[in-house]
Every structure is written in structure tokens, then in C-alpha cells.
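Just below is one structure, and these are the notes that go with it.
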Amino acid sequence: MGRNLIKSKPFYFCSVETVQGISQFNSLENTAITIGTFDGVHIGHKQILKRLINNAKKTGFKSTVLTFFPHPRMVLQKDTEIKLLNTLSEKQRILAEMGLDYLIVHPFTQEFSRLSALQFVRDVLVNKLKVKSVVIGYDHRFGRNRNASIQDLVGFGNTFDFKVEEIPAQEIDEVSVSSTKIRKALLHGDIQTANSYLGYNYMICGQVVEGQGLGKDLGFPTANIEIEESYKLVPQNGVYIVHCEFENQSAPGMMNIGVKPTVDGSTKSIEVNLFNIDQNLYQKDIRVHFLKKIRNEQKFDSLHALSHQLHQDKKIALDFFTNEKY
Numbered sequence: 003m004g005r006n007l008i009k010s011k012p013f014y015f016c017s018v019e020t021v022q023g024i025s026q027f028n029s030l031e032n033t034a035i036t037i038g039t040f041d042g043v044h045i046g047h048k049q050i051l052k053r054l055i056n057n058a059k060k061t062g063f064k065s066t067v068l069t070f071f072p073h074p075r076m077v078l079q080k081d082t083e084i085k086l087l088n089t090l091s092e093k094q095r096i097l098a099e100m101g102l103d104y105l106i107v108h109p110f111t112q113e114f115s116r117l118s119a120l121q122f123v124r125d126v127l128v129n130k131l132k133v134k135s136v137v138i139g140y141d142h143r144f145g146r147n148r149n150a151s152i153q154d155l156v157g158f159g160n161t162f163d164f165k166v167e168e169i170p171a172q173e174i175d176e177v178s179v180s181s182t183k184i185r186k187a188l189l190h191g192d193i194q195t196a197n198s199y200l201g202y203n204y205m206i207c208g209q210v211v212e213g214q215g216l217g218k219d220l221g222f223p224t225a226n227i228e229i230e231e232s233y234k235l236v237p238q239n240g241v242y243i244v245h246c247e248f249e250n251q252s253a254p255g256m257m258n259i260g261v262k263p264t265v266d267g268s269t270k271s272i273e274v275n276l277f278n279i280d281q282n283l284y285q286k287d288i289r290v291h292f293l294k295k296i297r298n299e300q301k302f303d304s305l306h307a308l309s310h311q312l313h314q315d316k317k318i319a320l321d322f323f324t325n326e327k328y
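The C-terminal position of the sequence shown is numbered 328 in the working numbering, with every residue numbered one higher than the one before it.
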């Protein structure tokens, strides 16, 4: 069984040239561009991105995504509670694997939000980014107070000599996906719905840090994961079936998210027990892919009862890896 579960493989990562800020973009080549936050880079986003990349290949332009950080809601609405589906490095990885040429990450500020539609198109898209093609969703809004529509963009295209390709409503709406729906699914522990909307398994990335060692005492040693980015969404507390990547290896396992109520814990932690792995992962980077939720976190009467449940959880996880494709 172990032979089927442990997979040794290098990290797969295609490169995409990432530019920090519009002012740092110095390419002289013409671009095909799409614009947005693309949180999650879900299957709805990919309708637009695939069209962009295909358009760029046909025309010889460089496929370019202009995205923003912090998320505009954090700046304009002071929504510090919003949690994002991707960190910047995760978004970069997903976009790179799609075959994108350029990713421009521009700091979103109050000043930038006040650019008029004309200023944004003329000064940013045309003069700085050398745009010749814009691929955009039918409901895209831009400019100060988001008061310009796709019809305005088409008009600017006629003025400044670039084409606008609109992704029609039926192509985007038929997948019925939004980043908000995915966030809600994850916060309810509905991993399978979230993954179906994303088109890939939801992931968290972090560094393994020192824990209390309780899992080892129970026969289930865990790697405690610390996520640097406080804005990253962590799924609902509970026990999950996961698949992990670290260094040049990958392995299945199960993860607990929560406060460990059986030992009167109060601080939330993220701990993963890797199957058939017996090595020290302390201070190593790890990527965890969520596959399915097993159960909610619960308080047990004793450590013995907790250990018994962990054995049951592991059996469920092993059965999953034996019978399911992931």
C-alpha cells in the first residue's frame, strides 16, 4: 500500500516573468492584456485567461495579466477581514503553469483608484504596457468609481489602436463560479465543492515550526505549519484528507485545523500527519493540498479516546487514497 501512496517528484513550476508595479514594466513588445484580481484563479477566470493566451499566440503579442495587491476591498472598503484564496506566490505558480508571459502585480492604493478611465487606458495600458489587445469579461468596470464599462473600453480601443475581445455572459456565467462562493465553501469545510470550482485542489503553503509534540506521543507525529500571510484563507476547523509536497517529495496524510480541545488548547494550529514519512521536516517549506473533510474537530474524554479516533481517521484517509483519483 505504501508504494502506491508515496510519490517522489520534483516541484513542477514553470516560470512567468513577474513585475512588481507598472513602472517597472520595461518591455518594448506589444501585449495582450487582461485585468483583475483573479483571486483563486478559478475555472471562471480560466475562461478569460485561456482566451488571452490563445489570442497572444495568434497575434505574436505577449500575454499579460495586470493584477493588484492589496485586494481593492482592503483599500477602498477597509475590509481587513477579507481572506484570499491565493497568496501572491500561489497565484504566480498557477498563472505560470497556464503559460502566461508576464504577470504585473501593481500596488493598489487610494491614489491609483482615483485614475480616470482615460488616464488608466492612455497612461497605463497604452503608453506603459504597449497594449494591442484587451481580453475582458462582459461585466468589467474600470476607472474612478468603476464608472467606465466595456463599451467605453471599446471606444478607447478605437482611439488608441487596440482591440477589445469581450468574453460573453454565457461563457462566464455558465460555470456559475465566483471567488466568494469558493470562500464560503471552504469556510463550511466543503472542500469538494471548492475544488470543483477552482479546477484544482485548494492549497496552503507554509513553514514547518516546532510544536508541542503531543501527536508524537499519541503515535501520530505531526508537522505544525505556520502560514506567513495573515490574509490567506484557512478552511473550517476539522480533520481533512490531504496531499503534501515538500522538497523533492510528496506524500498523503491527514490534517487537523483547530485548537485541540481535548488538551484544553486555545490557540489555533494547523498540523499534518504524513503517512509513511519518517523524517524531520522542521523549518522546511511545505505545500498542502486539501482533498476531503473527514469530520469536525471535537473534544474527547481522554487521550486514549482521541488516539482511537485518529486511527479511525487514518483508515478513512487510506481508503480514500486507495479508491479515489486525486
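The C-beta atom is built at its ideal place from N, Cα and C for all residues, glycine as well.
Please read all numbers here as calculations on a predicted model, not as lab measurements.
Would you mind giving the Cβ-Cβ distance between residue i and residue j, rounded to the nearest angstrom? I have them listed as a contact below 8 angstroms.
i: Q238; j: L189; result: 6 angstroms
i: M205; j: V290; result: 6 angstroms
i: S152; j: E168; result: Sequence inspection shows Ile at residue 152; the Ser mentioned does not correspond to that position. Right, the Cβ-Cβ distance comes to about 6 angstroms (below 8 angstroms), so this counts as a contact.
i: L276; j: C246; result: 6 angstroms
i: G157; j: L87; result: About 34 angstroms separates the two Cβ atoms, so there is no contact after all.
i: T66; j: I106; result: 6 angstroms
i: I296; j: Y242; result: 6 angstroms
i: I193; j: L117; result: About 39 angstroms separates the two Cβ atoms, so there is no contact after all.
i: V179; j: R53; result: Going by Cβ atoms, the distance from V179 to R53 rounds to 16 angstroms, so no, they are not a contact pair.
i: I35; j: L131; result: 6 angstroms
i: L220; j: L308; result: 7 angstroms
Mind checking which residues open and close the beta strand (DSSP E) that includes residue i?
i: M76; result: M76 -> not in any beta strand (DSSP E); alpha helix (DSSP H) instead, spanning 74–78.
i: D287; result: 287–297
i: I169; result: 165–169
i: G240; result: 240–248
i: Q22; result: 19–22
i: I106; result: 104–109
i: T33; result: 33–37
Apply the 10 Å Cβ neighbour rule to residue i and answer buried if 16 or more other Cβ atoms are within range, or exposed otherwise.
i: D315; result: buried
i: N147; result: exposed
i: M3; result: Here the model assigns M3 a pLDDT of 33, short of 50, so the residue's position is not dependable and the matter cannot be decided.
i: K317; result: exposed
i: I55; result: buried
i: S91; result: exposed
i: Y199; result: buried
i: G62; result: exposed
i: E273; result: buried
i: Y284; result: exposed
i: L7; result: At L7 the pLDDT is 38, less than 50, meaning the model places this residue with poor confidence; the figure from the coordinates comes in the next sentence. L7 is buried by the Cβ-count criterion.
i: D266; result: exposed
i: V211; result: exposed
i: T161; result: exposed
i: H310; result: exposed
i: R363; result: For residue 363 there is no data in the structure shown, the boundaries of the chain being 3 and 328.
i: Q26; result: exposed
i: T324; result: exposed
i: S17; result: exposed
i: S135; result: buried
i: D141; result: exposed
i: S268; result: exposed
Helix, strand or coil, according to DSSP, for residue i in the structure here?
i: S271; result: strand
i: D141; result: coil
i: E212; result: coil
i: G221; result: coil
i: E92; result: helix
i: N258; result: strand
i: P237; result: coil
i: L283; result: coil
i: E83; result: coil
i: L120; result: helix
i: L127; result: helix
i: L276; result: strand
i: A251; result: It should be pointed out that residue 251 corresponds to Gln in this sequence rather than to Ala. Three-state result, Q251: strand.
i: S336; result: The structure shown does not extend to residue 336, since the chain spans only 3 to 328, so no value can be given for it.
i: N203; result: coil
i: E99; result: helix
i: N226; result: strand
i: N6; result: Any reading at N6 must be qualified, since the residue scores a pLDDT of 36, below 50, and its modelled position is unreliable; the value itself is stated next. In the structure shown, N6 sits in a helix (DSSP, three-state: H, G or I).
Determine the extent of the alpha helix (DSSP H) in which residue i is found, giving its start and end residues.
i: V67; result: Counting along the chain, V67 falls outside any alpha helix (DSSP H), though it belongs to the beta strand (DSSP E) covering 64–71.
i: Y199; result: 193–200
i: N160; result: 152–162
i: K59; result: 45–61
i: Q112; result: 112–115
i: K316; result: 305–325
i: L189; result: 181–189
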